[in-house]
Every structure is written in structure tokens, then in C-alpha cells.
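Data block below; observations after.
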Amino acid sequence: MKSFFENDAVELTPDGKELIILDQTLLPNQEKYIHITTAEQLFYAITLLKVRGSHAIGISAALGLAMCMNRFETNDLRVLEKEFLRVKKYLAISRPSAVDLFTDLNRMESCFYEQMSAAEESGEAIDRIKDRLTAEARNIKLEKIKTCLAIAEYGFGLMKPGACIMTYCNAGHLAVSRYGTALGPIFLAQENGYMPKVFVCETRPLLQGARLTAYELGKAGVDATLICDNMASIVMSRKKVDMIFVGADTVAANGDVVNKVGTSGLAILAQHYGVPFYVLCPSQTIDSNRPTGFDVKIEERPGYEVTEMYFEKPSAPIGTKVYNPAFDVTPASMITGIITENGISK
Ligand code: MRU
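In our numbering, the protein residues as written are -15 to 330.
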């Protein structure tokens, strides 16, 4: 499958000392890559959603942690360990709802301690630990990309030529790197001449559907129609929608799905209209430590995202009280299937 972006959404330079990120806040108007060289810059890039999407957040945290170690000068293993743990802890509080961030950072920590004990036994140089950390972070990214290809194949298997899919938020190239999760089967269908049609929900308040998904599908030449989120019901009742594909930030042990706020409303509508509702994500996104979706912390974001962010002038009276949860929980009972690299499970 081909990617329609010239570069990956998140990339480490060959020397491992800079992280290059496509600034998603500027899309669709500008495709600008930013160079990140400190933990603080990465922290703000994640919290301000310059890099966003659960899997891209995990990838950038792992690559960023390796980058920070590569730039840190010391010959003392204990000093390196202290800095590693500081950066890891700091990046881990950037966003709370996507499990990939924690899993990928923990995997980096396991790698660090494996290399550290090897170094203590053999007197290996610190540079070797840094190389191993860099290789581990690159593997995390490559594994996710490979996983997305398998997810795309399974999702594509559900589609017939001319299939009409509704999607929410952005779970494509930008949310992972290259193919994406929920958009992967659509790209594959397009490549195979199936001419899929897609209804893209704009996804208030930050418009990931309008700004990012419509942009990605447009690049791939997919027949995409943008709708406001509150139009999903009339579209499902009047048009042919064969199925809904969404991504996930965390899947709880009981199959509840935490995804962009508004996903659960779409699932309720889908159940009402009898439209199959699929969640596509790597198996890594299933968190066995969270019994239900209500055990996942839901990020609350600032009110100005609702009243000002994408408007020339405030869209509500100054001082209006705003509630802005970034995610919601879709109960497992409303989900037709969860598609991972291992297949489709209910
Ligand atoms: O706040 P965001 O834009 O990082 O949220 C992303 C999502 O919730 C996406 O819908 C997605 O499914 C998870 S990323 C593949």
C-alpha cells in the first residue's frame, strides 16, 4: 500500500538527534515539518496536538526519548539513568487517555534496564546503550506500521466494491505514520479499484475529521463527503452507509472503547439504524489493566478549543462556561467487531 505523504508523520533523523514531526495543527493549509530537539518541545508538541493520534503519540514519545538520550552528554551510567527516568516521567503526563503512550515508554524503559545491566557486567560504552534505545524506538514505529497493514487487510475483507464507510476523527497516516488504522482499509480499497465512498464527520471541537481525514482521503483520491457531526443521523437514515470505521485510544479488557469524544454517539446512532460499527486498532491498544472503559482517565481540554480555536472571532459570549472532554467511552455491546492485526473479534 502506498503512503500519500512524502515523509512519515513522525521521523528520527539518521543520527538520532532530531525528531521531525509534521505539524498537524497547520493542516490542511500548510504541510510543515518541525524539528524537535528537547523533551520540552516534544511535550508541548504532544499537548498542543502538533502530533496527535494515539499511535503517533506513542511513536513520537519513544523516538523522542531516544533522541533526548542521544543528545545527553555523560560518561556516568547513573546520571544517564536519572535523565532517562526524568524524561520518561515527563513525557508520560503529556496526554492521559491513549494507552500506547504508556506501553511504548515502558517498553523503552525495559530496553534501557536490559542494556544497563549488560553494560554494568561487560563495561560496555554508554554510546552502545543509546544505539540500542534508538533501535528499539525505531522498531516500535516499524512494528506499528506493519500492524496497520494487517489491520487494513482485515478491514478491506469486509468491504464490497462501492462500499460506503462513515468515519470519525482521524485514524490515518497522521495518527500512526503511513497507512493508519481506520483509514487503512479505505486506502486499500481505493488502490484495488473498489471506488469506496466515505462520509467524514468533521469532529468538533478540533476538526480532526475536516482538517486531517478529509485531507488524507483527498490526497488518496477517495470520494469523500464532509458532514457536521450532527448530520450523522440524517445521513445514516437517508443514504446508504454500509459500515462505520473508527480508531481507538484505549480498548478496555471488557471491550469498551475509548476514542475521540462523539464516537459513542455515533455508535448509538449506528445501533438505531442497524449500521455495523467497527473499531480498528493494534492489539497493543487493548489494555488488560483497565477492566472497563470507565477505568480509563478521560482528558479534559481547555474551553477555548470550543469557543475560539478555529473561529476568527469567539463563537460564544466571553466567559461562557465550557466542558471539553477529549474522549468518550463506547460500550462493548454497541461494537460489531474490533479489528486488530490478529483478525476480527467481537
Ligand atoms: O485527540 P486526538 O486527535 O489525539 O485523538 C485521536 C483519536 O481519538 C482518533 O480517533 C484515533 O482513533 C485514535 S488514533 C488512531
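Heads up, the beta-carbon is just placed ideally off N, CA and C, and yes, glycines get one too.
(Q) Taking the straight line between their C-alpha atoms, what separation do you get for Glu105 and Leu69? (A) Along the sequence shown, one-based indexing puts residue 105 at 121. Along the sequence shown, one-based indexing puts residue 69 at 85. Here the C-alpha atom of Glu105 lies approximately 21 Å from the C-alpha atom of Leu69.
Q: Can you check the stretch 275 to 301 for any alpha helix (DSSP H) of at least 4 residues that lies completely inside it and give the ranges in chain order?
A: The qualifying runs are 288 to 291.
Q: Give every residue of the same chain whose Cβ lies closer than 7 Å to the Cβ of Asp213, excluding the five residues on either side of it in the sequence, and list them in chain order.
A: Position 229 of the sequence shown, counting from 1, holds the residue named residue 213. Same-chain partners within the cutoff: Cys185, Glu186, Thr187, Arg188 and Gly246.
Q) Taking Cβ positions, are Ala155 and Gly164 nearer each other than 9 Å? A) Within the sequence shown, numbered from 1, the residue matching residue 155 stands at position 171. Within the sequence shown, numbered from 1, the residue matching residue 164 stands at position 180. Yes.
Q) Cα separation between Asn90 and Ile218? A) Counting from one through the sequence shown, the residue named residue 90 turns up at place 106. Counting from one through the sequence shown, the residue named residue 218 turns up at place 234. The C-alpha of Asn90 lies about 44 Å from the C-alpha of Ile218.
Q | N-terminal and C-terminal residue of the beta strand (DSSP E) that Glu(-5) is part of | A | Taking the sequence shown and counting its residues from 1, one reaches residue -5 at position 11. Counting along the chain, the beta strand (DSSP E) containing Glu(-5) begins and ends at Val(-6) to Leu(-4).
Q. Can the beta-carbon of Thr21 be found less than 9 Å from the beta-carbon of Leu3?
A. Within the sequence shown, numbered from 1, the residue matching residue 21 stands at position 37. Within the sequence shown, numbered from 1, the residue matching residue 3 stands at position 19. The answer is yes: Cβ separation under 9 Å.
Q. Any idea if Tyr257 is buried or exposed, counting beta-carbon neighbours within 10 angstroms, 16 or more meaning buried?
A. The count along the sequence shown starts at 1 and reaches residue 257 at position 273. By the 10 Å Cβ count, Tyr257 comes out exposed.
**Q.** Minimum length 4: unbroken alpha helix (DSSP H) runs contained in the stretch 125 to 165
**A.** Segments of the alpha helix (DSSP H) lying fully in the stretch 125 to 165: there are none.
Q) Does at least one heavy atom of the ligand MRU sit under 8 Å from the Cβ of Tyr152? A) As a first step, residue 152 must be located in the sequence shown, where it is residue number 168. Yes.
**Q.** Cβ-based neighbour list, Thr(-3), same chain, cut-off 7 Å, excluding 5 preceding and 5 following
**A.** Within the sequence shown, residue -3 is the residue found at index 13, counting from 1. Around Thr(-3): Ile4.
Q: Find out if the Cβ-Cβ distance for the pair Glu325, Lys130 is shorter than 9 Å.
A: Counting from 1 along the sequence shown, the entry for residue 325 is found at position 341. Counting from 1 along the sequence shown, the entry for residue 130 is found at position 146. It is a contact, given that the beta carbons lie within the stated cut-off.
Q: Please indicate yes or no: does the CB of Asp233 lie closer than 8 Å to some heavy atom of the ligand MRU?
A: The residue labelled residue 233 in the question sits at position 249 within the sequence shown. Within the cutoff, so yes.
Q: Give a yes or no on whether the C-beta atoms belonging to Val83 and Ser44 are separated by under 9 Å.
A: On the sequence shown, residue 83 is found 99 positions in, with the first residue counted as 1. On the sequence shown, residue 44 is found 60 positions in, with the first residue counted as 1. No, the pair does not count as a contact, with Cβ atoms beyond the cut-off.
Q: Could you tell me whether the Cβ atoms of Asp207 and Ala316 are closer together than 9 Å?
A: As a position in the sequence shown, residue 207 is number 223, starting the count at 1. As a position in the sequence shown, residue 316 is number 332, starting the count at 1. No, the pair does not count as a contact, with Cβ atoms beyond the cut-off.
Q) Of all the options Ala134, Thr320 and Asp60, which has the alpha carbon lying nearest to the alpha carbon of Gln255? A) As a first step, residue 255 must be located in the sequence shown, where it is residue number 271. Measuring from the Cα of Gln255, the nearest candidate turns out to be Thr320.
Q. Under 9 Å between the Cβ atoms of Asp271 and Ala310?
A. Start at 1 with the first residue of the sequence shown, and residue 271 comes out as number 287. Start at 1 with the first residue of the sequence shown, and residue 310 comes out as number 326. No; because the gap between Cβ atoms is not below 9 Å, this pair is not in contact.
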